[in-house]
Structure formats: structure tokens, C-alpha cells
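One structure is given below, encoded as C-alpha cells.
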Amino acid sequence: MTAVDPGQVMLMRRCRRLAFAAAVCISGLVVPPGRAQEAPTKTAEQEEAERISDLVLANHILADQGIVDGFGHVSVRSARNPGHYFISRSRAPALVTADDIMEFDLDDQPIDARGRAPYLERFIHSEIYKARPDVQSVIHTHSPAVIPFGVSDVPLRPVSHMAGFLLTQVPVFEIRSVGGTETDMLIRNKALGAALARTLGNATVALMRGHGDVVVGQSIRTAVAHAIYTELNARLEAEALRMGGKITYLNEAEAAKTGQQLDQLVDRPWEIWKIQALSHTQKN
Ligand code: MN
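Reading the sequence shown from the start, the letters are residues 0 to 283 in numbering that gives the first Met the number 0.
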């Protein structure tokens, strides 16, 4: 990205928080008073190109950080059309390139499939975008350290100030409650996706019993940070539990405040995650 003045950066961040209004805001149709004479803001086309570029990088970063392996996927809502989203074709995240990125509507119909096979569990993404206009990015992982918290009655709660977005407790999706006792555990259809979205509610993370988690963000970078710090918090909480003493979790106010800070500071870790992921990709 070329040099951008701080005011413009702040404007962009404000735009991203405006959910469905984001595309309109970014395209410059909504200009705060006193800013009309400043340099033109990014067009929706430029924002879309950045989202797709970040989406490819997000795939590599999540793989490099051990959050996804051959499975797991990340998507981003379209800046031009909030009723569409972008996601890779069915492929290991570490190998994803721009050519693999497909566009879907919220009924999971591909816009131009060109013979590419979609992920089986894409309903996770469409149903969350439908239920949560504030969400700009969705990640589904089999993040290893979260699994114990999905299968036991020990709740995943924030022990690290980097994971305040977990708030007081993370909800757990039980597929048996909607799919019966003989599913293959996968979110194979809209009904299961919608049930998962209901479990997520207004939260940032929901665990999926015996499977993994789903993580959202108000930008793709924030969603990636949420996925990485959820895994870290799960490891730290398990370690604290093994010590056997009394655990003091972040309280509601601490969790809320630290959660908001991460959204504002996310470009800092993103920069190093990106460098690490690219350096590992180039070695292979
Ligand atoms: Mn899965």
C-alpha cells in the first residue's frame, strides 16, 4: 500500500466498523464533514483488491502459524457487494493463490466457478455473513488447543490480555442438537450452518465440539488475529489449569477493553506474520 495520511487511516477503520455501510462509505459516497477536500479515499474496487490480496495472505499466515493444516478455511465479505463473499476453492490454505479465490452469494452459489470445486463446509461462511452484518471475515479451523475446551465442561475463557475478545466465555456448538447423533461432524448444509451461526450469536468465537472453531472479525486481519490468539489463549488456559490453583480470568470490563485494542493494533502483528509466512513459502 502506498503512503496514506493518518486521518485517512482513521477514516478507513471507521468505515470498516460500519458493517453493511462499509462499501458505501469506502466508495466515498459518505464523507464526514470537513474531509471533502482531502485526497480521494480508496474506491470500492481498490478495497476489493486489497481484501482479496489479504485473503490469499491470510491463508498462508494461518497455515504458517499452525492454525490450519490441509483443512480449515478463511473468507472475506465483498466490499462492492456485501451479499457476496470470497473464499478459496477446496485447497490446502498454504497453497492458495489469487487464481483459487472464488466469489459466492449468500445462497452459496458461485458467481463464476470455472470448474473449481468449493469447500464442503462453505455454509459456515454464508450463514454467519447473513446473521452478522458487522462481520467482514470468517475463519473455520481445527485449531488443536481449542478441542479440549469443546469436548469437556471446562469453558474457554480469557486468561491473556491478547484474548479479551473471548469475553466472559466462549459458546460451544453441539452438532447433535440439530443434526442427530450420526453426522460426520461436518457443516454440510445451510441448516447446520444457520444453527452454528445461532450458537455464535454476537460472540467472536464459537467452539465446535470434537471439530474446531469458527472465528469472526470486522476485518480479515482482525479475524486472523482472533484465530491466532484463540489458539494461544487455549494453550495458556490449559497450562494454568494443569497447575491446579485458582485461576483469575479477565473480568468483563478488562475483556471488553482489551478486545477493542486488538482491532486497532492489528497491523503490527499482521506485518510480522506476513513476513514469516512469505519467507517460509519461498523456502519451499
Ligand atoms: Mn472443519
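All C-beta atoms in this analysis are idealised placements derived from N, C-alpha and C, irrespective of residue type, glycine included.
Note on geometry: alpha-carbon atoms of Asp-107 and Pro-117 lie some 9 Å from one another. With a threshold of 7 Å, the Cβ atom of His-160 does not count as near the ligand MN, since no heavy atom of the ligand is closer than that. Applying a distance threshold of 7 Å between residue Cβ atoms and the heavy atoms of the ligand MN selects Phe-70, Gly-71, Glu-120, His-139, His-141, Leu-185, His-210 and Gly-211, given in chain order. Secondary structure note for Phe-103: its beta strand (DSSP E) is the uninterrupted segment 100-104. The Cβ atoms of His-139 and Val-215 do not sit closer than 8 Å to each other. As for any beta strand (DSSP E) of minimum length 3 sitting wholly inside the segment 186-261, the runs are 204-207 and 211-216, ordered along the chain. Cβ-Cβ distances below 8 Å link Ile-127 to Val-134, Val-137, Gly-192, Leu-195, Ala-196, Leu-199, Val-213 and Val-215 in the same chain, with the five nearest sequence neighbours on each side left out; the list follows chain order. Taken in chain order, the complete beta strand (DSSP E) segments of 3 or more residues contained in the segment 56-104 are 72-76, 83-87 and 100-104.
Bounds of the beta strand (DSSP E) holding Val-137 are 136-140.
Taking each of Gly-71, Glu-251, Ala-93 and Ser-125 in turn and checking the Cα distance to Val-55, the smallest one comes out for Ala-93. Residue pairing of Val-171 in beta bridges, as defined by DSSP: Leu-206.
Residue pairing by DSSP places Pro-109 opposite Phe-103 in a beta bridge. By the CB criterion at 8 Å, Phe-148 and Pro-157 fall outside the cutoff. The segment 61-70 makes contact with the segment 79-98, as at least three CB pairs between them are under 8 Å. Counting C-beta atoms within 10 angstroms of its own C-beta, His-279 has fewer than 16 neighbours from the protein chains shown and is therefore classed as exposed.
Put simply, of Gly-244, Asn-250 and Ile-219 the residue whose alpha carbon is nearest the alpha carbon of Gln-263 is Ile-219.
Between the alpha carbons of Leu-185 and Pro-143 lies a gap of roughly 17 Å. Ser-77 sits close to His-83, with the two beta carbons spaced by under 8 Å. From the listed residues Asn-58, Ile-274 and Asn-250, the smallest Cα separation to Thr-167 is found for Asn-250. Here DSSP, grouped into helix, strand and coil, assigns Met-184 to coil.
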